[in-house]
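Student: Counting with the working numbering, you get residues 99 to 658 for the letters of the sequence shown. The beta-carbon is built from N, C-alpha and C at its ideal position, and this holds for glycine as well.
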Amino acid sequence: MNHAPSNLETQLIADALVVVMGRTHSLRYWAQTGTLDRELALYWALASGYRKLFLVTATGDEDQKLADRAGFNAEIVAVDAADSASLTRAIDRISNGINSATVVTDDLLAGQAPISIAARLRLAGVQTALVARGASIPSRFLAHDPGGDSREASDAAALESRLLRCCDLVIGTTESMVDDLCWRNSLNAMRSAVVPGHVLTPRELTEVTRAKNHILYCGPLISRKRVDILLRAVSMLPDPLCREVTIEIVGEGDQGQALRGLASELGVNAIFQGWISHARVLESMSKCTLYVDASALENQPRALLDAMSTGAPIVVADIRGLRDLVQTGVTGIRVQPEPEAFAQTIEGLLQDEDWRQTLGAGAARFIHSQLTIEHVAPRHLVAHSLAHASARARPNPVSRLSEIRLLVCDFDGVFTDNRVLTNQDGSEAVFCSRGDGMGLDMLRKSGMPIFVLSKEINPVVGARCRKLKLDFLQGIEDKLPALQKLAGDRGLSARQIAYIGNDTNDLGPLSWVGLPVLVADVHADVLPRLNRSDALVLSHDGGKGALREFCDLLVAHRSQ
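Now the structure itself:
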C-alpha cells in the first residue's frame, strides 16, 4: 500500500491501534463503494503512532483477503460481539504483549462491539482509550429520510448515544457536527475534537484536458441526495446545449430505478455507472467538465472532497454543511436547491472555460493545503493522545473491587433482559441467563454476600432469588433508604458496596455506593444523570451475561 505519507514523525501514543469496523463501514463495504484504498490509507498513516495495528471485523476471512489485496499490513481479528467466547479469543489475541491501546471506530452506529472490546481490554489490564470518529451523524440523515419519527432514526440515535457516552473522545469533521453531537448526548466538549475528512495524497497537478459538456455526480442514489434536481436541471438547458451535455451518475441506491426512468422521460443523456473503484472515480473527476451535488443534508461528503482535489469545478446546493467547504467564487459555487438555479449556473459555467479553471484551481489549492493525509493524520494522532489523557484522568473502577464487601443488584434489566412474557391468564414470565446464575453461585460460595433490591412485585423475583439462595427485598419504590438501612444493619460503609443497575430508578443507589456498575444496555438517561466518572460499564447486556461478567471479576479479585 503506497498512499501513506512517509514524512510523518510521531511519538508512540500507545502499543496498539485497534480499529473496530462497524456494520456500514466494513472492508467489504469500502470495496463495494470504491473507497477501500482511501480509507485504509488513513489507518496506515495512523499506524506510525503505534507498534501494532489490529483490524477487528465480523467477516475476518473475507476482510483479510481484501486487506492483503490492498497491501494493508494489519492483523485482522474476526469477532462476533454477541458471542462471549469469540470476544474472549479476540481480546486474548489483541492484549498479548501490549500495555496500552487506542480502540477506534469510524462508524457511529457500530453498536456494542467497540464498547465491549475497550471494556474487556481494560479488564485485562490494558490502559485503553475509546475513540469514536464519524464523517456525519447517521441519525440526522435518517431523520430526513425516512423521517424524524421513524424507527430507523430513533434506533440510530440510541446507538449513537450508547457509543458516544462510553467514549473518551469523539471526533467529528466540522465544528457544527461536533457541537451537535455534544448537545444531543450531553457530552463534555473537552472530550471532542474536530478533524476534517481527508483525500489521498495527490500527485502534482498537471494540465488536463477535460471532457466537453460532461457533468459528474458521485454518491448514493437516495432521496436525500436529490439527484432528480440534477437531471431536471440538465433537461432545462437550452438547445443545442441540452442535447450535447452528458451527466454521469456514479452510485447505487433505492432511487436508482426511478432516476433512470426520469432521465429517459426528460430525454437527458445520462450514464448510470453503479459503484466503481476509487481510482476510476478519481479519473472521472479529473476529466469531467463540472461536478455537481444537490444534496439536502451533508457534512463534508468524501466524494466532494475528492472532486475538489482533482481541480473539478464544483456546483452544490447551498446548505449549512457545505458552506465552509465550498466558498462561492473561490472553491466552487453554491446555488439554491432548485432545478432552475442549477440549470442557470451549469449553463454559465459550460460556456466560460476561464471561470471553470479559476474555480477548479481554487478548490484544488484549498484541499491540497489542508486536507491531504499529511495534514489530517497528525490531527487524528493528537486527538488519540487527548483520548488517552481523558482515559487516564478517569478513575479506574476495577481498582475498587478489592474493597467490595456486598453486592446489591436490581432485578428487571439486570437478572432479566428487560422483557416480560404475559400469558393469557395475566401471569408473567421473564428470561434470565443460566450463565448469570452460575456466576452468582460461584461468587456466593466465595463468601461474598449478594442482595437483590427490586421495585417489581411479581412473584418471579422471589422465585428466582430463592432458587439461587439470594436474600432479596421486592416492591421497593425508593431503593436508596432501603439500601442505606441494609448497609447499616451489616455495618458497611457505602464505599464497601457495589450496586448493579440499568435504569433511572437505580440512580439513588448508584450515586451513593462505592462502585456503581451498569449493564451494557443501560438506559440512555442514566449515565448523564449519574454524573460519575468511576462507573463500571459492563460489556454484556442485562439478562445476557452482565451478572456473570461482574461475578467473574469479583471472584478473580477475591482469589488474589
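Within 10 angstroms of its Cβ, does GLY365 collect 16 or more other Cβ (buried), or is it exposed?
Tutor: Looking at its Cβ environment, which holds fewer than 16 other Cβ atoms inside 10 Å, GLY365 is exposed.
Student: Mind listing, in chain order, the continuous beta strand (DSSP E) runs of no fewer than 3 residues lying wholly within the region 524-554?
Tutor: Counting only runs of 3 or more, we get 548-551.
Student: Does DSSP put LEU628 in a helix, in a strand, or in coil?
Tutor: Correct three-state label for LEU628: helix.
Student: In whole angstroms, what is the alpha-carbon distance linking VAL276 and CYS264?
Tutor: The straight-line gap from Cα to Cα measures roughly 16 Å.
Student: Which full runs of the alpha helix (DSSP H) of 4+ residues lie inside the region 173-206, going along the chain?
Tutor: Qualifying alpha helix (DSSP H) stretches, in chain order: 182-193.
Student: Under three-state DSSP, which class holds LYS567?
Tutor: Note: LYS567 maps to coil in three-state DSSP.
Student: So, helix, strand or coil for ALA441, using DSSP?
Tutor: The answer is helix: DSSP assigns ALA441 an H, G or I state.
Student: In the region 135-170, which residue ranges form an unbroken alpha helix (DSSP H) of at least 4 residues, counting only runs that do not cross its ends?
Tutor: As far as the region 135-170 is concerned, its whole alpha helix (DSSP H) runs of at least 4 residues are 158-168.
Student: So for VAL559, helix, strand or coil by DSSP?
Tutor: VAL559: helix per DSSP, three-state reduction.
Student: Taking the beta carbon of ILE555 as the centre, do at least 16 other beta carbons fall within 10 Å, making it buried, or is it exposed?
Tutor: So ILE555 counts as exposed.
Student: Tell me the rounded alpha-carbon separation between THR307 and GLN353.
Tutor: Distance between the alpha carbons of THR307 and GLN353 is about 32 Å.
Student: Would you kindly check if the distance between the Cβ of ALA485 and the Cβ of ALA227 is under 8 Å?
Tutor: Taking 8 Å as the Cβ cut-off, ALA227 and ALA485 qualify as a contacting pair.
Student: Let me know the secondary structure DSSP gives LEU125 once reduced to three states.
Tutor: Three-state DSSP puts LEU125 in a helix.
Student: How many Å lie between MET288 and ILE111 at the Cα?
Tutor: Roughly 19 Å separates the two Cα atoms.
Student: Within a Cβ cutoff of 7 Å, which residues of the same chain sit near GLY458, ignoring the five residues on either side of it in sequence?
Tutor: The residues are GLY409, ALA410 and PRO411.
Student: In terms of residues, what are the limits of the beta strand (DSSP E) holding LEU115?
Tutor: Segment 112-118, the beta strand (DSSP E) holding LEU115.
Student: Is DSSP giving VAL424 helix, strand or coil here?
Tutor: In this structure, VAL424 counts as coil in the three-state DSSP scheme.
Student: Tell me the DSSP secondary structure of PRO495 in three-state form.
Tutor: Looking at PRO495 - three-state DSSP - the assignment turns out to be helix.
Student: Please list, in chain order, all residues of the same chain as ALA172 whose beta carbon is under 7 Å from its beta carbon, the five residues on each side excluded.
Tutor: LEU151, PHE152, LEU153 and ALA165.
Student: Across the region 174-194 and the region 226-242, are there enough close Cβ pairs to call them in contact, namely three or more that are closer than 8 Å?
Tutor: They do not touch, by the three-pair rule.
Student: Determine contact between the region 571-579 and the region 485-504, defined as no fewer than three beta-carbon pairs at a distance below 8 Å.
Tutor: Contact between the region 571-579 and the region 485-504 is absent, because fewer than three Cβ pairs lie under 8 Å.
Student: Using three-state DSSP, classify ASN367 as helix, strand or coil.
Tutor: Strand at ASN367.
Student: Over the uninterrupted beta strand (DSSP E) stretch that includes SER290, give me the two end residues.
Tutor: Counting along the chain, the beta strand (DSSP E) containing SER290 begins and ends at 290-292.
Student: Can you name, in chain order, every residue of its own chain whose Cβ lies under 7 Å from the Cβ of ASP326, other than the five neighbours on each side?
Tutor: These residues qualify, in order along the chain: LEU357 and LEU360.
Student: Alpha carbon to alpha carbon, what distance is there between SER591 and GLN582?
Tutor: Taking the straight line from one Cα to the other gives about 9 Å.
Student: Terminal residues of the continuous alpha helix (DSSP H) containing GLU346?
Tutor: Element bounds for GLU346: not the alpha helix (DSSP H) but the beta strand (DSSP E), 344-348.
Student: Just how far apart, CA to CA, sit LEU189 and GLY586?
Tutor: A small correction: the amino acid at residue 189 is Ile; Leu does not occupy that position in the sequence shown. C-alpha separation (whole angstroms): 40 Å.
Student: With 16 as the cutoff for other CB atoms within 10 Å, does ARG378 come out buried or exposed?
Tutor: Exposed.
Student: Drop a sphere of 10 angstroms on the beta-carbon of PRO212, count the other beta-carbons inside from all chains shown, and report buried for 16 or more, exposed for fewer.
Tutor: Buried: at least 16 other Cβ atoms inside 10 Å.
Student: Comparing alpha-carbon positions, which option in LEU134, PRO437, SER184 and LEU185 lies nearest ARG167?
Tutor: Nearest of LEU134, PRO437, SER184 and LEU185 to ARG167, Cα basis: LEU134.
Student: Please determine, among ILE196, THR155, ASP205 and LEU207, the residue with the shortest C-alpha to C-alpha distance to LEU185.
Tutor: Taking only the C-alpha atoms, the option nearest LEU185 is THR155.
Student: From this set, PHE370, THR157 and LEU219, which residue's C-alpha is nearest LEU636's C-alpha?
Tutor: Selected option, being the one with the closest Cα: LEU219.
Student: Which word fits THR520, buried or exposed, when buried means at least 16 other C-beta atoms lie within 10 angstroms of its C-beta?
Tutor: It is exposed - the Cβ of THR520 has fewer than 16 other Cβ atoms within 10 Å.
Student: Where does ASN494 land, buried or exposed, given buried means 16+ other C-beta within 10 angstroms?
Tutor: ASN494 should be labelled exposed.
Student: Tell me whether GLN582 sits in a helix, a strand or coil according to DSSP, three-state version.
Tutor: Three-state DSSP puts GLN582 in a helix.
Student: Three-state secondary structure (DSSP) at GLY359?
Tutor: In the structure shown, GLY359 sits in a helix (DSSP, three-state: H, G or I).
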